[in-house]
Amino acid sequence: MRTRIFRCLAVVGLLAITLWTQAGTVYTPASVPDPKVNGQHCYVSNPDALLADSDVVWLNNCAYQLDQQTHVELCVAALWSIGDMDAFEFAYELFQRWGIGRVNQNTGVLMLFVYESHDIRIMTGTGIEGVLTDGRCSDIIHDDMIPAFRAGDYGGGLCLGALRIYDICSKGETPEELLAMRSTTYRGKYAEASSNDNDENDDWPILIWIAVIVAAIIGWVKSILWLDEHPKCPICKKRKKSKVLKKVTLVNANYDHGGNGYNECFCAACNHNWTAKWETAKLTRSSSSSSSSSSSRSYRSSSSSRGSWGGGSTSGGGAGAKW
Ligand SMILES: [Zn+2]
Numbered sequence: 211m212r213t214r215i216f217r218c219l220a221v222v223g224l225l226a227i228t229l230w231t232q233a234g235t236v237y238t239p240a241s242v243p244d245p246k247v248n249g250q251h252c253y254v255s256n257p258d259a260l261l262a263d264s265d266v267v268w269l270n271n272c273a274y275q276l277d278q279q280t281h282v283e284l285c286v287a288a289l290w291s292i293g294d295m296d297a298f299e300f301a302y303e304l305f306q307r308w309g310i311g312r313v314n315q316n317t318g319v320l321m322l323f324v325y326e327s328h329d330i331r332i333m334t335g336t337g338i339e340g341v342l343t344d345g346r347c348s349d350i351i352h353d354d355m356i357p358a359f360r361a362g363d364y365g366g367g368l369c370l371g372a373l374r375i376y377d378i379c380s381k382g383e384t385p386e387e388l389l390a391m392r393s394t395t396y397r398g399k400y401a402e403a404s405s406n407d408n409d410e411n412d413d414w415p416i417l418i419w420i421a422v423i424v425a426a427i428i429g430w431v432k433s434i435l436w437l438d439e440h441p442k443c444p445i446c447k448k449r450k451k452s453k454v455l456k457k458v459t460l461v462n463a464n465y466d467h468g469g470n471g472y473n474e475c476f477c478a479a480c481n482h483n484w485t486a487k488w489e490t491a492k493l494t495r496s497s498s499s500s501s502s503s504s505s506s507r508s509y510r511s512s513s514s515s516r517g518s519w520g521g522g523s524t525s526g527g528g529a530g531a532k533w
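Following this line, the structure appears as structure tokens:
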């Protein structure tokens, strides 16, 4: 009996691990890893590795040049989950907490991408909202970013958004090298994809995997329970028609000693009756294992020294949508 409980606990543990690896971290504005810790040239917070390295490199390059050319400080945060928090509230708090944009000029821009809730939000500093208006932010989100997100290319969507922001803030003076990397081919690709609207197929492989995992776990639990109920017959060595008639516990396990007892078993294949003794280990007090925080997951640090945001603020301008 006790062994079965342990087996079930093992199953629950495995399930929890499966769910844990499926679900990512839930962030608060205070717990988002600040990219500036890794150096002044870092503008992208990508703690869940939702964006490919190549996209992060491109975004950092784009944001750095934007910073140098127009004094607009662009920050990108791509997060798995913000829990129940509203995306606007989250973006606003993160913006003010970090102080995105140069102090006094307030030319900061935050692009917040949330995977779980499908939120995308562009938030503008008070000094840039006259140029990067709410309407323009909304256009960027709906024309460029959402089609890419729906095609599963989160990094590509954020790069396109950054490029449009660059274009507007620099009044069309975007460097050729940036334009070349995210050229019209990119836009054309997603324009086509969204008009065909075959994004239902994208969910297929994930659903199949989940179904396979669930089926495997159910099968495993069933087989464990089945083995417990059908002990091997000592005469005909079969399990199929054997069963436990009665379980008798002689000694319950405690912290000082193990437990023991016997099962009365019967095999219908050869009409054999027998008793099978069993023993269980003594109980152990579970030491509360402090789980280390998972926020360090795949957050790469470079060798450069710590940088900082400019100290700008926002009054909540910009736009947001669900993709
Ligand atoms: Zn038998």
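The sequence shown runs 211 to 533 under my numbering. Every residue, glycine too, gets a C-beta built ideally from N, C-alpha and C.
- In the three-state reduction of the DSSP assignment, residue 361 falls in the coil class.
- By the neighbour-count criterion, in which a residue is buried when 16 or more other Cβ atoms sit within 10 angstroms of its Cβ, residue 466 is exposed.
- Between residue 323 and residue 364, the CB-CB gap stays under 8 Å.
- Closest by C-alpha distance to residue 490, out of 480, 470, 446, is 470.
- The stretch 424 to 436 makes no contact with the stretch 454 to 468; the number of CB pairs closer than 8 Å stays below 3.
- Within the DSSP secondary-structure output, residue 255 pairs in a beta bridge with 287.
- CA-to-CA, the gap between residue 383 and residue 286 works out to about 21 Å.
- In this structure, residue 519 lies near residue 310, with their beta-carbon atoms less than 8 Å apart.
- Every unbroken stretch of the beta strand (DSSP E) spanning 3 or more residues and falling wholly within the stretch 417 to 466 is given here in chain order: 452 to 461.
- Distances from the alpha-carbon of residue 302 to those of 239, 440, 263, 326 put 239 closest.
- In this structure, residue 479 has its CB closer than 7 Å to one or more heavy atoms of ligand 1.
- Beta-bridge partners of residue 482 (DSSP): 477.
- The alpha-carbon separation between residue 278 and residue 265 amounts to approximately 20 Å.
- Restricted to the stretch 311 to 393, the beta strand (DSSP E) segments that are unbroken, complete and at least 3 residues in length are 318 to 324, 329 to 335, listed in chain order.
- In chain order, 251, 252, 253, 254 place their CB closer than 7 Å to the CB of residue 270, counting only its own chain and leaving out the 5 sequence neighbours on each side.
- The C-alpha of residue 438 is placed about 11 Å away from the C-alpha of residue 452.
- Among the bridge pairs identified by DSSP, residue 302 is matched with none.
- For residue 524, the enclosing beta strand (DSSP E) begins and ends at 524 to 532.
- Residue side-chain check: residue 443 places its Cβ nearer than 7 Å to a non-hydrogen atom of ligand 1.
- Counted as a single uninterrupted DSSP element, the stretch harbouring residue 248 is not any alpha helix (DSSP H), since DSSP gives it neither H nor E.
- Remark: the C-beta of residue 328 is outside contact range of ligand 1, defined as less than 7 Å to any heavy atom.
- Shown here for residue 300: same chain residues with a beta carbon closer than 7 Å to its own, the five before and five after excluded, namely 239, 292, 322 in chain order.
- DSSP, read as helix, strand or coil, puts residue 280 in helix.
- Ranking 289, 344, 454 by CA distance to the CA of residue 524 puts 344 first.
- In the structure shown, the three-state DSSP call for residue 236 is strand.
- If you compare the alpha carbons of 327, 346, 296 with that of residue 319, the shortest gap goes to 346.
- Here DSSP, grouped into helix, strand and coil, assigns residue 308 to helix.
- Taking C-beta atoms as the reference points, residue 350 and residue 332 count as a pair closer than 8 Å.
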